[in-house]
Amino acid sequence: MHPETLAIRTQTARSAHREHATPLFLTSSFVFDSAEQARALFAEEIAGPVYSRYANPTTDEFVEKLRLLEGAEDGLATASGMSAVYTALAALLQSGDHVVAGRALFGSTHQLFTRVFPKWGITHRYVDGADADAFAAAIQPNTKVIFVETPSNPGLDLVDLAALGDLARARGLTFVVDNCFATPVLTRPIGFGAHVVVHSATKFIDGQGRVLGGAIVGEASRIAEARFLARHSGPALAPFNAWVLSKSLETLALRVERHASNALALATALEENAAVQRVRYPFLASHPQQALARRQMRWGGGVLTIDVGAYETARRFLDGLRLCSHSPNLGDTRTIVTHPTSTTHSKLTDAERARVGITPGLVRISVGLEHVDDILDDVSQALASAR
Ligand SMILES: Cc1ncc(COP(=O)(O)O)c(C=O)c1O
Numbered sequence: 120m121h122p123e124t125l126a127i128r129t130q131t132a133r134s135a136h137r138e139h140a141t142p143l144f145l146t147s148s149f150v151f152d153s154a155e156q157a158r159a160l161f162a163e164e165i166a167g168p169v170y171s172r173y174a175n176p177t178t179d180e181f182v183e184k185l186r187l188l189e190g191a192e193d194g195l196a197t198a199s200g201m202s203a204v205y206t207a208l209a210a211l212l213q214s215g216d217h218v219v220a221g222r223a224l225f226g227s228t229h230q231l232f233t234r235v236f237p238k239w240g241i242t243h244r245y246v247d248g249a250d251a252d253a254f255a256a257a258i259q260p261n262t263k264v265i266f267v268e269t270p271s272n273p274g275l276d277l278v279d280l281a282a283l284g285d286l287a288r289a290r291g292l293t294f295v296v297d298n299c300f301a302t303p304v305l306t307r308p309i310g311f312g313a314h315v316v317v318h319s320a321t322k323f324i325d326g327q328g329r330v331l332g333g334a335i336v337g338e339a340s341r342i343a344e345a346r347f348l349a350r351h352s353g354p355a356l357a358p359f360n361a362w363v364l365s366k367s368l369e370t371l372a373l374r375v376e377r378h379a380s381n382a383l384a385l386a387t388a389l390e391e392n393a394a395v396q397r398v399r400y401p402f403l404a405s406h407p408q409q410a411l412a413r414r415q416m417r418w419g420g421g422v423l424t425i426d427v428g429a430y431e432t433a434r435r436f437l438d439g440l441r442l443c444s445h446s447p448n449l450g451d452t453r454t455i456v457t458h459p460t461s462t463t464h465s466k467l468t469d470a471e472r473a474r475v476g477i478t479p480g481l482v483r484i485s486v487g488l489e490h491v492d493d494i495l496d497d498v499s500q501a502l503a504s505a506r
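Each residue of the sequence shown is one higher than the last, beginning at 120 in my numbering.
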């Protein structure tokens, strides 16, 4: 079946109540039918509902849908995108290991590599994500993982997934992709050779700015390691959030298509606006990796960036918006505008920001599902007032 159908028709077995919509199992534990069943469940890898830190039917339904959409063997849900990134990496790495990562990373992932993992002797090397040869050159004898985001947040740089999938296989490394920006609707990294895909479900998967959530999907043996760590460290996704996210997956394809068509229309219009120094969007001819984007992504995604020049101009632009929200989230039905230098990427040094293209005037626009003319009118009036 097609992904749209799988996302809608994958459902926990119907209960005796014959419910049509997916039920919500809002329970922390489950009762045993017998003492022998309890003993047997605890004797081995616990499969089946016992305790919601291990598994819950609502959470399982959300993961099962995402697993099918990503074409993965197995998966688990986590409480947030960062718990997915952390759990996946902590499960795959041990003291003395090394990671090669694309430099353009979400701020908290950068904090994990620079402040958290070094405490356990896990080191990293950042390379230019656009340069596939740089990844090969950075591999050391103790390298275990290649980690990338594509398109990156907020630089919208692309990484050639097929080239890195081949490299990881040739060198016996685990290839991990944060697929938060593309979602499986646009890119399925496992088809390009990724072993593990991590998600912040908080973004396009929820799509309506309501809940935090995350997921790790991929090759069964790697997911087994992550599941063991998650069971005993506890980043479980709350069943209520899983229910919201499972329902959200039913409309993901529809929403992502409209996010992308609105974003392309807005990006194209803003390229003509004299108040904007530079527009970046993967499907624009001006994007240096447009050919790769069109090879690797079904559409260009729902996020674009504009550079309005100085910080003061960006400040006036943000304060001049009347419809669009000024907020640090993205992937919402509502258009959200963020200033990375002063918020999401404020912990980076000026030099680190410059290396990933985050200038003081850079503004990220997560294009929502309002009518595109209304979004353009608001952005245009705020640009005019900021000049
Ligand atoms: C690419 C990327 N990965 C991970 C995360 C973290 O997700 P969460 O906020 O759900 O922990 C984000 C959040 O913005 C993100 O943009």
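All C-beta atoms in this analysis are idealised placements derived from N, C-alpha and C, irrespective of residue type, glycine included.
Compute the Euclidean distance between the alpha carbons of residue i and residue j, then round it to the nearest angstrom.
i: Ala-257; j: Leu-385; result: 38 Å
i: Thr-131; j: Arg-186; result: 14 Å
i: Thr-452; j: Asp-152; result: 44 Å
i: Phe-127; j: Glu-369; result: Phe is not the amino acid found at residue 127; the sequence shown has Ile there. About 5 Å.
i: Ala-162; j: Ala-154; result: 12 Å
i: Met-201; j: Arg-413; result: 28 Å
i: Lys-238; j: Tyr-245; result: 18 Å
i: Phe-436; j: Leu-442; result: 12 Å
i: Ser-352; j: Leu-502; result: 47 Å
i: Leu-348; j: Thr-206; result: 7 Å
i: Ala-394; j: Pro-459; result: 19 Å
i: Val-398; j: Ala-339; result: 40 Å
i: Ala-174; j: Pro-168; result: 6 Å
i: Gly-420; j: Ala-410; result: 15 Å
i: Ala-320; j: Ser-199; result: 7 Å
i: Glu-138; j: Asn-360; result: 19 Å
i: Ala-157; j: Asp-216; result: 39 Å
i: Ile-335; j: Asp-285; result: 21 Å
i: Glu-344; j: Lys-263; result: 15 Å
i: Leu-440; j: His-243; result: 40 Å
i: Thr-293; j: Val-315; result: 8 Å
i: Arg-288; j: Gly-337; result: 15 Å
i: Gly-476; j: Ser-446; result: 20 Å
Among the options, which one has its Cα closest to the Cα of residue i?
i: Thr-463; options: Arg-474, Ala-470, Gln-500, Leu-449; result: Leu-449
i: Ser-365; options: Thr-129, His-121, Met-120; result: Thr-129
i: Glu-390; options: His-406, Val-375, Ala-253; result: His-406
i: Ala-209; options: Glu-180, Ile-241, Ala-198; result: Ile-241
i: Val-304; options: Pro-401, Val-375, Pro-176; result: Val-375
i: Leu-423; options: Val-456, Pro-447, Thr-141, Ala-251; result: Val-456
i: Thr-454; options: Phe-323, Pro-176, Ser-227, Ala-207; result: Phe-323
i: Leu-97; options: Thr-177, Thr-269, Arg-137; result: There is no way to answer for residue 97, as the model of the chain reaches only from 120 to 506.
i: Arg-346; options: Val-182, Asn-298, Gln-408; result: Val-182
i: Glu-431; options: Leu-411, Ser-504, Arg-172; result: Ser-504
i: Gln-415; options: His-121, Leu-275, Ala-281, Gln-259; result: Ala-281
i: Val-498; options: Leu-160, Asn-392, His-139, Pro-358; result: Asn-392
i: Ala-357; options: Leu-160, Phe-311, Tyr-170; result: Tyr-170
i: Pro-270; options: Ala-159, Phe-236, Pro-308; result: Pro-308
i: Leu-277; options: Phe-300, Asn-261, Ala-255, Leu-286; result: Phe-300
i: Phe-225; options: Leu-467, Phe-236, His-243, Ala-313; result: Leu-467
i: Glu-180; options: Gly-337, Arg-234, Leu-125, Arg-329; result: Leu-125
i: Gly-312; options: Asp-250, Gly-190, Pro-401; result: Gly-190
i: Pro-273; options: Leu-188, Ile-425, Asp-193, Ala-388; result: Ile-425
i: Gln-396; options: Arg-133, Arg-506, Pro-142; result: Arg-506
Once you ignore the five residues that flank residue i on each side, which residues in its own chain have a CB closer than 6 Å to its CB?
i: Phe-266; result: Val-218, Ala-220, Val-295
i: Leu-488; result: Arg-377, Thr-452
i: Arg-417; result: Leu-305
i: Ser-444; result: Arg-453, Ile-455
i: Arg-172; result: Gly-353, Ala-355
Who are the Cβ neighbours of residue i in its own chain at under 8 Å, not counting the five residues just before and after it?
i: Asp-247; result: Gly-221, Arg-222, Ala-253
i: Asp-327; result: Here residue 327 turns out to be Gln, not Asp, going by the sequence shown. Contacts found: Ser-367, Asp-451, Thr-452.
i: Arg-329; result: Val-363
i: Pro-479; result: Ala-429, Tyr-430, Ala-433, Thr-460
i: Gln-408; result: Ala-249, Asp-276, Leu-277, Pro-401
i: Asp-493; result: Leu-442
So, at 7 Å on beta carbons, what are the nonlocal neighbours of residue i in its own chain, with the 5 sequence-adjacent residues on each side left out?
i: Asp-325; result: Gly-332, Val-363, Leu-364, Ser-367
i: Val-491; result: Asn-381, Ala-384, Leu-385
i: Glu-123; result: Ala-372
i: Leu-495; result: Leu-385, Ala-388
i: Ser-485; result: Gly-421, Val-422, Leu-449, Gly-450, Asp-451, Thr-454, Ile-455
Practice task
Would you mind listing the beta strand (DSSP E) stretches within the region 344-432 that are 3+ residues and don't spill past its ends, in chain order?
Solution key: Restricting attention to beta strand (DSSP E) runs no shorter than 3 residues, the region 344-432 encloses them at 397-399, 422-426, ordered along the chain.
Problem - Whole runs of the alpha helix (DSSP H) within the region 274-321, excluding any shorter than 4 residues - result: Within the region 274-321, the runs of alpha helix (DSSP H) that reach at least 4 residues and sit entirely inside it are, in chain order, 280-290, 302-305.
Problem - 3 or more residues per run - each beta strand (DSSP E) lying fully within the region 227-277 - result: Secondary structure within the region 227-277: the beta strand (DSSP E) runs of 3 or more consecutive residues, fully enclosed, are 242-246, 262-268 (chain order).
Practice task
Report the residue ranges of all alpha helix (DSSP H) runs contained in full by the region 169-210; include only those spanning at least 4 residues, in chain order.
Solution key: Taking only runs of at least 4 residues, the alpha helix (DSSP H) segments lying wholly in the region 169-210 are 176-189.
Exercise for the section: Tell me the start and end of each unbroken beta strand (DSSP E) in the region 448-505 that is at least 3 residues and wholly inside, in chain order. Expected result: Within the region 448-505, the complete beta strand (DSSP E) runs of at least 3 residues are 455-457, 481-485.
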